[in-house]
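Taking my numbering, the leading residue of the sequence shown gets 689, the next gets one more, and so forth.
Backbone N, C-alpha and C define an ideal beta-carbon position, used for all residues, glycine too.
Everything below concerns the one structure shown next.
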Amino acid sequence: MAIVNVSDQSFGAEVEGSGTVLVDFWAPWCGPCKMIAPVLEELDKEIGESVKIAKVNVDDNPESASRFGVMSIPTLIVFKDGQPVDKVVGFQSKDALKNVLSRHQ
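Below, the structure written as structure tokens:
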């Protein structure tokens, strides 16, 4: 499954449904956000069938970031059946993200 870009308008439809969704709150000017992008691509190739990965540009979509208390980026929030169940802040390795996701599948 490809990584989807989500806006404030499409957040509900893309994220708050059934299943597990990893949402990356990021911005184009953020160094650690640029570092984690290829990690998310690799993760999507490995577990994209069971976990949807979505990206929210906080500059363009401040409502979603504010709604979930995103104060620093990158912030990654795991949603399970539409509810936020886990949050990590800052750059994470692929293994660290797999570990977080394994707790919610």
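Three-state secondary structure (DSSP) of residue i
i, result
"Ala753", "helix"
"Asp774", "strand"
"Ala715", "coil"
"Val703", "helix"
Residue i versus residue j - alpha carbon distance
i, j, result
"Leu785", "Met723", "14 Å"
"Ile735", "Val788", "13 Å"
"Gly705", "Phe699", "10 Å"
"Ser781", "Ala753", "22 Å"
"Val703", "Val694", "8 Å"
"Asp783", "Pro726", "13 Å"
"Asn749", "Ala701", "15 Å"
Contact under 9 Å by Cβ, residue i with residue j
i, j, result
"Arg844", "Asp769", "Residue 844 is absent from the structure shown; the chain starts at 689 and stops at 793."
"Val777", "Lys743", "no"
"Ile765", "Val711", "yes"
"Val746", "Trp714", "yes"
Contacting residues, own chain, Cβ-Cβ under 6 Å from residue i (five flanking each side not counted)
i, result
"Phe779", "Pro720, Met723 and Ile724"
"Phe767", "Val703 and Val709"
"Val758", "Phe713"
CB-CB length for residue i against residue j, believed under 8 Å
i, j, result
"Thr708", "Gln771", "About 11 Å separates the two Cβ atoms, so there is no contact after all."
Cβ shell of residue i (< 8 Å), same chain only, five flanking positions each side left out
i, result
"Met689", "Asp732, Gly736, Glu737, Lys740 and Ile741"
"Glu729", "Ile691"
Contacting residues, own chain, Cβ-Cβ under 7 Å from residue i (five flanking each side not counted)
i, result
"Cys718", "Ile761 and Pro762"
"Phe756", "Ile765 and Pro772"
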